[in-house]
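A short worksheet on the structure shown next.
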Amino acid sequence: MTTSKYEESIKDLTSTDDNKRLKALRFIKNSVIGNKTKKDLYIKLGVVQKLVDYLTLPDTTSYDLKIQTATVLGSIAHGKDENVSVVISHGAIGPLLDVLSLRRDLPTMDAIREKRKLLEAVTRALKSIFACPKTPKDDIFMERHIADLVTLLDATSSYLCQQGRPSATSESLSFGMIAEFTAAVVAKCCDTQEQQVQLASAGVIPPLVNLLHSGHIKAQEAALDALATLCRENSELGEIIIHAKPFDSNQLTTATMLDFVKDRCPNMRLIAATCLTNLYRTGVFTEPFNEIVLVVLPALVKLLKDPSGDIQERAPLVLADLVKDSEDMQKAAYDADAISKLAELLSSASTKENEEDSKERIGVPGVGSVAKRKEKIRENSLIAIAAASLLKEECRTQAIDSKVLPHVVSALQSKYPHVRLAACQCAKSLSRSVSNLRTSLVDAGVATPLLKLLYDESTVIQAAACGALCNLTLDFSPMKKNVIDAGAIDRFVEYAKSDDPKLQLNGVWALNSLLYKADLQAKKAVMKSLTYDTLIELLHEPDMGIQEQALEIVRNLVCGQQEDVEHVIDGIGKDDLLDVLESKLQVTSNMGLEGEDSSTMASILEPALYIITNMSSSYEEPRRLLMSRPNIVNSVASHLSHPAPNIRVAAVWCIINWTWITCDDDEDALAERVNRLRALGVEQQLRVMEKDSSRDVRDRVRTALDQMTALES
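So the numbering used here is basically just the index in the sequence shown, starting at one, shifted up by 2.
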């Protein structure tokens with residue numbers, strides 16, 4: 003291919019003749035639009051820097067040149083992140099934003115009309131540049147630039163709303179595009195809460211809400227997208243948005259969004275559903291089962307079957323956001339048959355990855371290879387199934403009944419890292435099920451690829467595979483043997499010593515799961531690899547999550563017969579073990595924390611109390627050791643009045659095992675313990691707890707009181 007005419011056009015850009023330069027720009031524009039090869043060619047020929055230089059020319063002498071320049075820059079940047087990086091590296095963002103500045107000696111609308119075509123070209127180019135997630139946002143948040151964006155949004159949205167209905171005039175169409183492109187830029191600049199607040203403080207919300215009533219579909223979609231990103235995980239802005247009143251209308255913003263969810267255009271329905279989902283997750287809606295469930299959830303389920311554009315790639319992620327961490331929403335997803343529909347979508351995309359030219363209709367036409375689109379559908383469907391089945395047993399049952407397991411197993415072996423990661427997340431959610439469904443996972447062959455993923459090139463995937471195995475090995479003995487035989491214990495120990503916090507936490511968690519209801523032989527196998535010295539280090543880790551799991555390891559180790567307890571006492575050392583228990587119980591009891599900190603500390607306290615319970619269940623010597631530490635005894639007594647029911651239950655269990663006697667026990671030692679507990683006011687506290695709000699607490703209290711009073715008779 004000859005490049006002489008293309009090189010000639012580059013040469014003409016340096017001409018002093020405006021007509022010649024304009025002709026060259028038009029030739030370049032016509033060459034690059036829709037042509038990836040020509041874009042790459044012109045980048046190599048150095049066109050980008052020349053275009054950026056053109057943007058800095060005075061408006062009075064270069065209006066047409068700038069329009070063509072911005073159009074070419076936008077085309078080069080469109081659709082390819084590598085090209086965006088080139089445009090950014092040549093400093094295009096600042097000059098493009100500078101062009102948005104309006105003359106101050108004219109009314110705003112007149113100033114916009116004066117350079118309307120240029121504004122249209124520049125905002126289109128900025129939309130293409132900011133579509134790349136790696137585009138730096140610093141220039142946008144310069145005071146003058148953010149003010150120019152808000153001015154454009156405000157003026158164009160007011161103009162479009164005043165029209166009442168879309169007009170086919172050149173000016174109306176142009177204003178609609180300026181509003182659309184500007185709103186699209188705003189939507190891509192809300193990565194952090196600070197950015198959200200800056201944009202909201204600058205005044206972007208009112209004109210975006212106005213655009214919802216503009217009648218210009220593309221501008222409405224862009225405005226919804228911007229509002230969705232502004233309120234994502236931001237309850238303050240969510241409140242502002244749902245109470246916003248649009249231009250010359252009394253209709254609430256949320257009502258308008260719900261109308262859009264019912265729109266004929268799939269893209270509009272999905273964006274509106276996204277916006278309402280983000281608002282819902284901020285907690286601004288007072289009731290969980292309102293029109294969000296009645297309208298949005300069924301709409302998302304229908305969109306899973308919509309083959310237009312990239313709808314089937316995006317809809318599962320919106321559905322996942324809507325239902326995650328909410329039992330009510332997951333129950334609603336079950337009722338709406340969402341999981342079955344996700345399973346169908348997953349199945350449709352789970353043909354062999356090397357079938358690039360597959361004729362199977364998967365319903366995702368558009369740009370990109372079939373394999374690439376399948377990859378995204380599989381990944382996002384797995385993420386959605388994981389979110390929908392995380393908390394509810396019937397949701398997990400529905401997923402397994404929908405035959406997702408073969409596709410999960412296949413995805414665990416995918417050549418695409420993101421698919422493997424999503425499959426691990428899905429396996430983890432499904433493995434939270436009761437034992438018969440765990441058996442289904444094992445029968446499906448999920449264990450083998452998960453074990454292989456412990457050696458994946460990605461540490462994120464290693465951690466996710468480890469997390470899934472934690473659930474599978476928790477209470478399923480054959481699986482424990484498979485994991486141990488596969489050499490996974492040493493791998494989990496490596497993780498437990500890792501500098502990666504997520505990997506370390508999951509490694510300790512996995513070891514804890516292996517030890518749950520394990521026999522002494524398995525316990526010795528784990529501790530031979532981990533060592534008690536490492537366990538002591540983990541018990542004192544700054545990360546409270548790791549401390550919790552390390553305490554759970556001790557709890558499981560001391561659960562069993564006398565020899566189980568002796569093995570731990572000998573391994574850690576009796577004084578060191580008592581020091582650990584004393585410190586965990588005292589720190590928690592003296593913190594006086596509330597909210598999240600209190601919950602975190604309670605997660606440390608519960609396993610510490612159950613270590614005492616388990617140690618006290620087998621024979622006399624551990625009870626004697628525990629009672630030799632006044633701080634331990636006093637802490638257990640004080641936690642009988644802990645605000646959390648699960649902690650009160652754990653504390654009562656300590657009392658039960660301290661006052662329980664068998665024929666082999668020392669009755670004098672028992673009497674001494676009971677008298678000591680009475681002196682601390684334990685019996686009196688138990689009497690009060692007979693009316694505890696928790697039934698589980700009340701049941702345990704009766705047992706403890708029966709044992710204490712039995713000694714008197």
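All C-beta atoms in this analysis are idealised placements derived from N, C-alpha and C, irrespective of residue type, glycine included. Note that the structure is a prediction, hence the values are computed from the model and not measured.
Residue i burial status per 10 Å Cβ neighbour count (16 or more: buried)
i    : result
P609 : buried
T137 : buried
D19  : exposed
K41  : buried
N592 : Note that N592 has pLDDT 44, beneath the 50 cutoff, so the model's placement of it is unreliable and the number below is only indicative. By the 10 Å Cβ count, N592 comes out exposed.
T16  : exposed
N280 : buried
S172 : exposed
V366 : The predicted model places V366 with a pLDDT of 46, which falls under 50 and marks its position as unreliable, so this point remains unresolved.
A257 : exposed
R167 : exposed
D323 : buried
K38  : exposed
N728 : In the structure as shown, the chain starts at 3 and stops at 715, and residue 728 therefore has no counterpart that could be examined.
D487 : exposed
T255 : buried
P544 : exposed
L532 : buried
N473 : buried
K247 : exposed
Cβ distance (whole Å) where residue i is taken to contact residue j below 8 Å
i    : j    : result
S442 : L407 : 7 Å
D698 : V651 : 5 Å
Q222 : L213 : 6 Å
L210 : L155 : 7 Å
Q588 : N514 : Rounded, the Cβ-Cβ distance is 23 Å, inconsistent with contact.
L476 : Q464 : Not confirmed; about 19 Å, so no contact.
S342 : R380 : Going by Cβ atoms, the distance from S342 to R380 rounds to 17 Å, so no, they are not a contact pair.
V703 : L688 : 5 Å
L344 : S383 : 5 Å
V187 : L151 : 7 Å
C656 : I614 : 5 Å
R626 : L580 : At roughly 11 Å, the Cβ-Cβ gap does not stay under 8 Å, so R626 and L580 are not in contact.
Collapsed DSSP secondary structure at residue i in the structure displayed
i    : result
T276 : helix
E692 : coil
R440 : helix
K394 : coil
N37  : coil
G76  : helix
C267 : coil
I663 : coil
Q400 : helix
A338 : coil
C428 : helix
S64  : helix
N508 : helix
S591 : Because the pLDDT of S591 is 43, which lies under 50, any placement of that residue in the model is unreliable, and the question is left without a value.
A488 : coil
H569 : helix
V286 : coil
V406 : coil
V448 : coil
T536 : helix
E362 : Here the model assigns E362 a pLDDT of 43, short of 50, so the residue's position is not dependable, and the following value carries that caveat. Coil, per DSSP.
V101 : helix
R316 : helix
D14  : helix
H542 : coil
E459 : coil
L628 : helix
Y497 : helix
H92  : coil
Any C-beta of chain C under 8 Å from that of residue i
i    : result
A425 : The structure shown contains no chain C, having only a single protein chain.
Task: Residue ranges of each alpha helix (DSSP H) within the segment 130 to 171, 4 or longer - done: 145 to 165
Open item on the list: List, from N- to C-terminal side, the alpha helix (DSSP H) runs of 4 residues or more that fit wholly inside the segment 176 to 215.
Closed with: 195 to 204, 207 to 213
TODO: Check whether the segment 67 to 78 touches the segment 124 to 132, taking contact to mean three or more Cβ pairs, one atom from each stretch, closer than 8 Å.
DONE: yes
Open item on the list: Using 8 Å as the cut-off, can you tell me whether the segment 307 to 318 makes contact with the segment 256 to 264, which would need three or more C-beta pairs spanning the two stretches below that distance?
Closed with: no
Open item on the list: Under 8 Å: do the segment 385 to 401 and the segment 440 to 457 share three or more Cβ pairs, one atom per stretch?
Closed with: no
Open item on the list: If we require 4 or more residues per run, which alpha helix (DSSP H) segments fall completely within the segment 231 to 255?
Closed with: 237 to 244
TODO: Answer yes if the segment 105 to 122 comes into contact with the segment 77 to 95, meaning at least three C-beta pairs across the two stretches below 8 Å, and no otherwise.
DONE: no
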